[in-house]
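Student: Quick one: structure below, then a few questions.
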Amino acid sequence: QETPAAPDTSAWACSKCPFPRGYAAEAQLGGGYVDDASAKFGDYTGLDEDGGYVVAGAEGGVARESGYRLDYSLQDLGLDSRSAAIEGGKQGAYEFGLSYDRVPHTISDTGQTIFSGIGSTDLTLPAGWVRAGSTGGMTALGTSLRNVDEGYDRDRYGVFGRFFLGDAWSVALDYKRDERSGTRHRYAAFGSAAMELLRPVDDATDRFNASVRYQGAHWFAQLGYYGSIYDSQAEAFRFENPFTGPAGAESGLTALEPDNSYNEFTLSTGWYGLPGNMSITLSGAMGQGTQDSGFVGYTINPNIATDALPFANLDGDVSVTRADLTVSARPLDRLRLRGAVAYDERENESRQGAFTSIVHTDLFPIGEDRINPVYGFERTRAYGMADFDVYDDLSVGVGGEWRQTDRTGTRQEVTSEELLDGYGRAQYRPTGWLGFVVKGGVEERDPDNYDAALGLAEFGQNPLMRKYNQAYRYRSYGELLADVAVGTLPVTLGMSVYYGDDSYLQSDLGLVSGLDRRFGIDLNWTVSENIAAYASATHEKIDSKTKNSSVFGFPDWRGDYQDGYETYGAGVTAQLTDRLRLNLDYTFGDGKTRQQIVGVAAGSFPAVESRLSSFKADMTYGFSPRADVVLTWWFESLETSDWQFQSEPAVLPTLLGLGVDPYDYDVNYVTLSLRYRFGAAVPAEEAEEASE
Amino acid sequence: EAPNAGAPYSAKGADTCLSCHEGPEVNDVFHTAHAQPGDARSPFGKGQLQCEACHGPGGNHAKRVKKGETRPSMIRFGRDVETPVAVQNSMCLGCHERAQAAGWHIGPHDANKVSCAACHDSHQAKDAVLARATQPDVCFTCHVAERGQFTKPFSHPVRQGKLGCSDCHDPHGTTAEKQLVRATINETCYECHAEKRGPLLWEHEPVAENCDDCHAPHGSTNPGMVKLRGPLLCQSCHSQQGHPSFAYGPQSLPGGSSPAMAVPLGNCMNCHSQVHGSNHPSGSTLTR
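Top line first, the protein sequences correspond to chains A and B. Residue numbering for the first sequence follows the numbering used here, beginning at 693 and increasing consecutively. Residue numbering for the second sequence follows the numbering used here, beginning at 1362 and increasing consecutively.
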């Protein structure tokens, strides 16, 4: 790009520039109504209860030509998914912001439990409970069940500041705190009898990001700190045993996630605009993760004698080392080279010891010592690509990746594996509005040695088993991306096709094949100045086969798994008149998962099905340049059938569940609200002033 | 090459442009950071080139055009324009490579010749790709399959506007796999699921290595966003003698001829509930 002589901009007064003047804001207030209660419909939206809701929100700000600005946004104040943010500063000098966001995760509202103390770390059986060897014998079950909702809220708080010190230096500080409170289902067993419980969720995660950056003309250097501290108020959880069992096993105690922390320093630098259009970045990081929560005892069964623990806490200590180098260059006008090397190490220096009194589910000692693994790994990745512009509109390229993974302190069968990936690419863009990218490649992951004897010795693993995350895998894959953006219509069309075929050629048992096919098309059409339409369709099919052996010899059964999911969507936005605007949006999702066992215990599971139908309409009538009436209607139905969900709490004689139903709702949410614009002149007023 | 390479600059800068170009699609730029007179780095900062900082010199474009001649073009931005992507992007990277886009040259968007304007609308007061609730629709224009994945019954709250694509991915390019915001898949997941970080006394080693081995983070028809439903998922790695290697067909469902604990509800997790690892001294088989 030839650059002409810099002009004398002293006469560039920008007198016609419509810079924002003063304060401008928009507020919305009204009411809404949900016609049916559903936890799943309310999941993340805060609309889980039927009945009325307040619709309230506002956003606005003030901007000065001097660079000072302050913006705020208050969303969904009447819902449990409310959020608020304020940002401001003097552009080019400093920026700051505060934010709050509540994320309601309402998981189910059809469950039932017999336990008291839900939400606490101590679940007790109701008075008069009759223990039995099976759920069928629990005579007080029917009268003891109470409805219970499952879910937790995540409150996200954030503060950030960025300070530009002169032209080169900048400092960025960012603090986020996530607080979670509520319940979450989990399972607990006593020997071969198990139950589904609601455990407490009561924790907080504090994250700190700080960085100092020096920005040169064509290079930068940055020192960064990242800290993440997880703090839980529920590190262990006691529950009474509704089943009969040996004396002493009337209750059990399980550990929950312990507090932990992670701190990391990063140094990074980079140069760009170097000769040959070369850019280089280099970064290194050292981090440390710690976890030293006190252990609970081997068991709370008073009738089982146990040895002393080898140590009172793990004194968990993981050190992370990372480095990466990236290079990109255009040595020739038509040749583009990119490459990167990334090194990542997790060294686990936690304490190790022999645990000599392991008790199985507070029932009986297992009679074996176990030494805790101190698992770590080292990964090195090198990848690169070369693209050559054959013509201005056609470029071809090749690329690949080499990855070496070495596992330390592991009890897994593979301690080192190598991955090699190679692909070819072509990009054809005959004109600005039409472009294709075609990519195809193969990838081979090859473990140096699959030590099946280790698995057999350590865990009694079948030596024919090859774990799919470590087994030899040959993958062939292809991808087509097309985008059409016809300016004159104007229509934009995006299409993507992906094909991935995994073969685990050396696996007699385990995952032996996986086939992933995805197709998607997305059309956006600006029909006229006032009407725009869009439509999309996606289709996804995943097939996999898993072999196993119930006779510990040759494979005698296979699990075939087919997961298909389709979506169709369409929508219209229309400015029907000067004052009336209509938005319509429809999404349909249809999933069917089939699972079949071939060989021993052959048969097909009932299909797992999910059908989503979501229609949204909103109509805005501007009865004055500053005020609109907004009417919205959201109808959504979700029907699922899923054998993993069992509506009866007495699932099996030895399994007591919450009885959560598969998701099934049809919900309407309608709102009527007034929106008003405050402050500085609005476009419609400006137009009226201009026409007078 | 830029259509207006070598042309002279206009006489009065923006005032020249605004004598012809008007309407919201132009005026809204004055509500953005690009048009901030108080910021010396901004195109409208003191002594900067205003519209021509991005669109290139407009001297020829602004001249009177004889009948029948076409008006000389300027650098235009977007997917459906004649200006080559490399030229469009060089105008943006002239400023933004300094900060946000340091990794751009190594990322797949640059490799696929995606223009900055394919995602960003720098003339809009509210650029849709920068707000969590509207960002996914911009990404889905090209990443079409992902649009469908996030409507599955078990997925992250992208459809509900509570999570954006850039909460996990950095579209400007990083050396991490899948352009993640943190150096590894696990560390990116730990941003919101720090409780899984450990280290733990009894680690389930694939959990500490790669969450993506079992979970499909964009969405799944299986509870817990797992790729394959248990017990088959667990039996892809475990085949010890006894219950881990039994064939659990439909007969093992409740009401079947041989119902089994390892199929309904949490299947294998009904007993091995600490599947992400345990800090309990008796948790070596992940049951406590």
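Even for Gly, the Cβ is constructed at its ideal location relative to N, Cα and C.
1) Closest to B/Gly1585 by C-alpha separation, out of A/Asp1358, A/Val1321, A/Arg761, A/Phe1337, would be which residue?
2) Could you spell out the range, first to last residue, of the alpha helix (DSSP H) harbouring B/Asn1631?
3) Provide the residue span of the beta strand (DSSP E) that contains A/Gln980, from first to last.
4) So A/Thr1184 contacts chain B; which residues on that side make the cut at Cβ distance below 9 Å?
5) DSSP state of A/Glu694, grouped into three classes?
6) Taking buried to mean at least 16 other C-beta atoms within 10 Å of its own C-beta, is A/Arg1038 buried or exposed?
7) Spatial neighbours of A/Thr936 within its chain, please: CB distance less than 7 Å, with the 5 preceding and 5 following residues excluded, ordered by chain position.
8) Taking 8 Å as the CB-CB limit, is A/Gln1254 close to chain B?
9) Okay, do the stretch 1442-1449 of chain B and the stretch 1382-1400 of chain B touch, 3+ Cβ pairs below 8 Å being the bar?
10) Rounding to the nearest angstrom, what Cα-Cα distance links B/Cys1654 and A/Thr1346 in this structure?
11) Are the stretch 1325-1336 of chain A and the stretch 1614-1632 of chain B in contact at 8 Å, needing three or more beta carbon pairs?
12) I'd like the list of long-range same chain contacts for A/Asp814, defined as Cβ closer than 7 Å, with 5 residues on each side in sequence excluded.
13) Quick one: what's got a C-beta closer than 6 Å to A/Asp847's C-beta in the same chain, skipping five residues either side?
14) Would you mind giving the Cβ-Cβ distance between A/Leu1330 and A/Pro1341, rounded to the nearest angstrom? I have them listed as a contact below 8 Å.
15) Please decide whether B/Asp1400 counts as near chain A, where near means a Cβ-Cβ distance under 8 Å.
16) If you draw a straight line from the alpha carbon of A/Phe1370 to that of A/Pro712, how long is it in whole angstroms?
17) So, is the C-beta of A/Ile1289 closer than 8 Å to a C-beta in chain B?
18) Hey, could you find the ends of the beta strand (DSSP E) A/Ala1229 is sitting in?
19) Residue range of the beta strand (DSSP E) that A/Ser924 falls in?
20) Could you have a look at A/Glu1384 and say whether DSSP puts it in helix, strand or coil?
21) Is the beta carbon of A/Phe1307 closer than 8 Å to that of A/Tyr1260?
22) The stretch 1265-1291 of chain A: which residues have C-beta closer than 7 Å to a C-beta of chain B, in chain order?
23) To the nearest angstrom, how far is it from the Cα of A/Asn1064 to the Cα of A/Gln1044?
24) So the beta strand (DSSP E) A/Asp1353 belongs to, where does it begin and stop?
25) Since A/Tyr922 and B/Arg1558 should fall inside the 8 Å C-beta cutoff, what is the C-beta to C-beta distance between them, to a whole number of angstroms?
26) When DSSP labels each residue in this structure, what does B/Asp1482 get in the three-state scheme?
27) So A/Pro699 contacts chain B; which residues on that side make the cut at Cβ distance below 7 Å?
28) Got a sec? Which residues, its chain only, sit under 7 Å from A/Gln693 by beta carbon, not counting five neighbours each side?
29) Which class does B/His1395 belong to by DSSP, given the choice of helix, strand or coil?
30) For A/Glu1384, does the count of other Cβ atoms within 10 angstroms reach 16, so buried, or fall short, so exposed?
31) Tell me whether the beta-carbon of A/Thr798 lies closer than 8 Å to the beta-carbon of A/Asp735.
32) Residue ranges of each alpha helix (DSSP H) run of no fewer than 4 residues wholly in the stretch 1559-1637 of chain B, ordered along the chain?
33) Return the Cβ separation of A/Ser953 and A/Arg905 in integer angstroms, given the expectation that the two are a contact with Cβ distance under 8 Å.
34) Taking 8 Å as the cut-off, decide whether the C-beta atoms of A/Glu956 and A/Met970 are in contact.
35) At the level of alpha carbons, what is the spacing between A/Gly659 and A/Ala1144?
36) Name the chain A residues that come within less than 8 Å of B/Arg1590, Cβ to Cβ?
Tutor: So, from the data block:
1) Nearest C-alpha to B/Gly1585: A/Phe1337.
2) Looking at the DSSP string, B/Asn1631 is not in any alpha helix (DSSP H), and its letter there is neither H nor E.
3) The continuous beta strand (DSSP E) containing A/Gln980 extends over residues 970-983.
4) Those are Arg1440, Asp1441, Thr1502, listed as they occur along chain B.
5) Residue placement at A/Glu694 cannot be trusted, given a pLDDT of 49 that sits under 50; the coordinates are not used to answer.
6) Classification of A/Arg1038: buried, given that the 10 Å Cβ count is 16 or more.
7) When the five nearest sequence neighbours on each side are left out, the beta carbons in the same chain lying within less than 7 Å of the beta carbon of A/Thr936 are those of Arg823, Ala824, Gly825, in order along the chain.
8) It does not: the Cβ of A/Gln1254 has no partner Cβ on chain B nearer than 8 Å.
9) These segments do not touch.
10) This structure cannot speak to residue 1654 of chain B, because chain B is shown only from 1362 to 1649.
11) Verdict: yes, contact present.
12) Spatial neighbours of A/Asp814 in its own chain (CB-CB distance under 7 Å, excluding positions within 5 residues in sequence) are listed in chain order as Arg930.
13) Counting only Cβ-Cβ distances below 6 Å, and skipping sequence neighbours, we find Arg794, Glu871.
14) Actually they do not touch by this definition, with Cβ atoms about 23 Å apart.
15) Judged by the 8 Å Cβ criterion, B/Asp1400 is in contact with chain A.
16) A/Phe1370 and A/Pro712: Cα-Cα distance of roughly 13 Å.
17) Among the residues facing chain B, A/Ile1289 is included, as its CB has a counterpart in that chain under 8 Å away.
18) Annotation for A/Ala1229: the continuous beta strand (DSSP E) segment containing it runs 1223-1240.
19) Where A/Ser924 is concerned, the enclosing beta strand (DSSP E) stretches over 911-924.
20) Low confidence applies to A/Glu1384: its pLDDT is 48, below 50, so where it sits in the model is not reliable, and the reading given next is rough at best. DSSP places A/Glu1384 outside both helix and strand once states are collapsed to three, so it counts as coil.
21) A/Phe1307 sits away from A/Tyr1260, with the two beta carbons spaced by 8 Å or more.
22) Residues passing the 7 Å Cβ filter: Thr1279, Gly1281, Gly1283, Thr1285, Gln1287, Ile1289, Gly1291.
23) Here the C-alpha atom of A/Asn1064 lies approximately 6 Å from the C-alpha atom of A/Gln1044.
24) Premise fails: A/Asp1353 is in no beta strand (DSSP E) and is neither H nor E.
25) Cβ atoms of A/Tyr922 and B/Arg1558 come within 8 Å of each other, at about 7 Å.
26) Of the three classes helix, strand and coil, the one that applies to B/Asp1482 here is coil, per DSSP.
27) Under the 7 Å cutoff, chain B gives Tyr1370.
28) Confidence in A/Gln693 is poor, its pLDDT being 43 and thus under 50, which makes the residue's placement unreliable; the coordinate value appears in the next sentence. So the list is empty, once near-sequence residues are dropped.
29) Reduced to three states, the DSSP call for B/His1395 is helix.
30) Annotation note: pLDDT 48 at A/Glu1384 (below 50); position unreliable, coordinate value reported separately. Answer is exposed; the Cβ neighbour count stays below 16.
31) Yes, they are a contact pair.
32) If we require 4 residues or more, the alpha helix (DSSP H) runs fully inside the stretch 1559-1637 of chain B come out as 1566-1570.
33) Contact check for A/Ser953 and A/Arg905: beta-carbon distance about 25 Å, past the 8 Å limit, so the pair fails to qualify.
34) In this structure, A/Glu956 sits away from A/Met970, with a CB-CB distance that is not shorter than 8 Å.
35) Summary: the structure shown does not reach residue 659 of chain A, with chain A confined to residues 693 through 1384, and so no result is reported for it.
36) Those are Tyr1253, Thr1285, Gln1287, Val1300, Gln1336, listed as they occur along chain A.
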